[in-house]
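All the letters of the sequence shown, read from the start, carry residue numbers 2 to 226 under the numbering used here.
All C-beta atoms in this analysis are idealised placements derived from N, C-alpha and C, irrespective of residue type, glycine included.
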Amino acid sequence: MRIIAVMMMGVLGLALAGCGPIYETQYAYTPAVTAEGRVCTSQCENTRNACTQNCDYSAQLKKRECEDDARDDARAKYNQYVREQRRNNAPIKYDESHFLKTYQCSTSSSACRNECVQTSNRCWQLCGGKVTSKQVCTAFCDKPDSAARASSNTYPDGLSASGKEAFGKYLKAAGHKAWASAADGSYGWRSGRSSAADAEKAALAACEEHADDCRTIVINDEWVD
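Written as structure tokens, this is what we have:
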């Protein structure tokens with residue numbers, strides 16, 4: 002009997018947003034009784050492997066295409082920025098990397114790979130094999146409430162009244178999010194991102210439009226030491 006684990010993406014998304022444990026579905030495979038059936042299930046496995054490899058390749062290709070487009074867009078925005086700064090006799094503070102948004106090019110092959118597995122499971126059963134499944138918690142199974150969770154009663158240092166209002170909106174925002182602040186009270190935040198890392202990078206970029214000493218303060222409502 003063989004066991005293959007497949008991540009449940011819906012539950013994973015909630016878990017990464019800080020809502021609970023991460024589960025995966027584990028499939029156990031019992032071979033067919035006849036020799037013909039075992040040859041048949043072997044073909045199912047080969048097809049599944051080719052399918053998942055194609056999923057990974059397609060995801061990588063989409064990511065590269067997105068990054069190429071992001072670099073072209075950054076170059077165009079940088080050139081426009083330079084022209085405007087020179088026209089206004091203003092200093093050029095940023096280079097092209099400031100306008101690069103490759104962090105938005107996060108792609109995943111998980112959903113595609115899961116479809117490959119489901120198709121293979123049906124194939125395996127049609128060949129006379131048996132497939133059983135169970136859900137197993139793999140991370141944050143007993144995740145305690147964090148003592149460092151941010152609240153509207155505690156604000157990052159130096160915030161004005163409008164900044165505190167913005168921080169309240171940040172706390173209510175959905176998805177992966179991050180808040181960055183500078184010593185003078187400048188801030189930037191972003192929410193609804195595909196990962197905490199993406200949110201942090203975007204928040205820092207937003208803060209750095211106003212100050213040079215920005216640092217990450219809160220990620221997904223958790224204070225950063």
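Just to confirm, are residue i and residue j a CB contact at a threshold of 8 Å?
| i | j | result |
| --- | --- | --- |
| Tyr24 | Thr139 | yes |
| Gly164 | Gly189 | no |
| Arg236 | Ala203 | Outside the shown range of the chain (2 to 226) lies residue 236, about which nothing can therefore be said. |
| Ala175 | Ala200 | no |
| Tyr227 | Gly130 | One cannot answer for residue 227 here, as it falls past the ends of the chain, which runs 2 to 226. |
| Ser109 | Ala75 | no |
| Cys215 | Glu209 | yes |
| Ser161 | Tyr28 | no |
Are there 16 or more other CB atoms within 10 angstroms of the CB of residue i, so buried, or fewer, so exposed?
| i | result |
| --- | --- |
| Ser152 | exposed |
| His177 | buried |
| Gly159 | exposed |
| Asn221 | buried |
| Pro145 | Reliability of the predicted coordinates at Pro145 is poor, the pLDDT of 48 falling under 50, and the value obtained from them is presented with this limitation in mind. Classification of Pro145: exposed, given that the 10 Å Cβ count is below 16. |
| Thr35 | exposed |
| Arg88 | exposed |
| Arg84 | exposed |
| Cys142 | exposed |
Go through its chain and collect everything with a Cβ distance to residue i's Cβ below 6 Å, but skip five positions before and after it.
| i | result |
| --- | --- |
| Asn122 | Val132 |
| Phe168 | Tyr156 |
| Glu68 | Thr103, Cys106 |
| Ala18 | At Ala18 the pLDDT is 45, less than 50, meaning the model places this residue with poor confidence and gives no usable figure here. |
| Gln136 | Tyr24, Thr26 |
| Cys52 | Cys117 |
| Ala197 | His177, Ile220, Asn221 |
| Ser195 | Ser107 |
| His211 | Ser187 |
| Tyr227 | Shown here, the chain extends from 2 to 226; a query on residue 227 therefore has no answer. |
Which residue comes first and which comes last in the alpha helix (DSSP H) that contains residue i?
| i | result |
| --- | --- |
| Gln105 | That residue, Gln105, is in no alpha helix (DSSP H); it is neither H nor E in DSSP. |
| Gly164 | 162–173 |
| Asp199 | 197–208 |
How close, in whole Å, do the beta carbons of residue i and residue j come, if the pair is a contact with beta carbons under 8 Å?
| i | j | result |
| --- | --- | --- |
| Cys128 | Ala207 | Not really, about 55 Å apart at Cβ, beyond 8 Å. |
| Lys78 | Phe100 | 4 Å |
Hey, could you find the ends of the beta strand (DSSP E) residue i is sitting in?
| i | result |
| --- | --- |
| Cys138 | 131–140 |
| Lys178 | 177–182 |
| Thr120 | No beta strand (DSSP E) holds Thr120; the alpha helix (DSSP H) holding it covers 111–127. |
| Ala29 | 23–31 |
| Thr35 | Counting along the chain, Thr35 falls outside any beta strand (DSSP E), and DSSP gives it neither H nor E. |
| Val219 | 216–220 |
| Tyr188 | 188–194 |
Could you name the residues of the same chain whose beta carbon sits closer than 7 Å to that of residue i, not counting the 5 residues immediately before and after it, in chain order?
| i | result |
| --- | --- |
| Cys45 | Ser121, Cys124, Trp125, Cys128 |
| Arg39 | Pro32, Ala33 |
| Val227 | In this structure the chain extends from 2 to 226, so residue 227 is not present and cannot be described. |
| Cys56 | Ser110, Cys113, Arg114, Cys117 |
| Asn50 | none |
Measure from the C-beta of residue i to each C-beta in chain C and report whether the shortest distance is under 8 Å.
| i | result |
| --- | --- |
| Arg65 | Absent here is chain C; the protein component of the structure consists of one chain. |
Please list, in chain order, all residues of the same chain as residue i whose beta carbon is under 8 Å from its beta carbon, the five residues on each side excluded.
| i | result |
| --- | --- |
| Ala148 | Legend: pLDDT at Ala148 = 41, less than 50; position of this residue unreliable, value from coordinates given subsequently. Hits under 8 Å: none found. |
| Asp213 | Ala183 |
| Arg72 | Leu101, Thr103 |
| Glu97 | Ala75, Arg76, Tyr79 |
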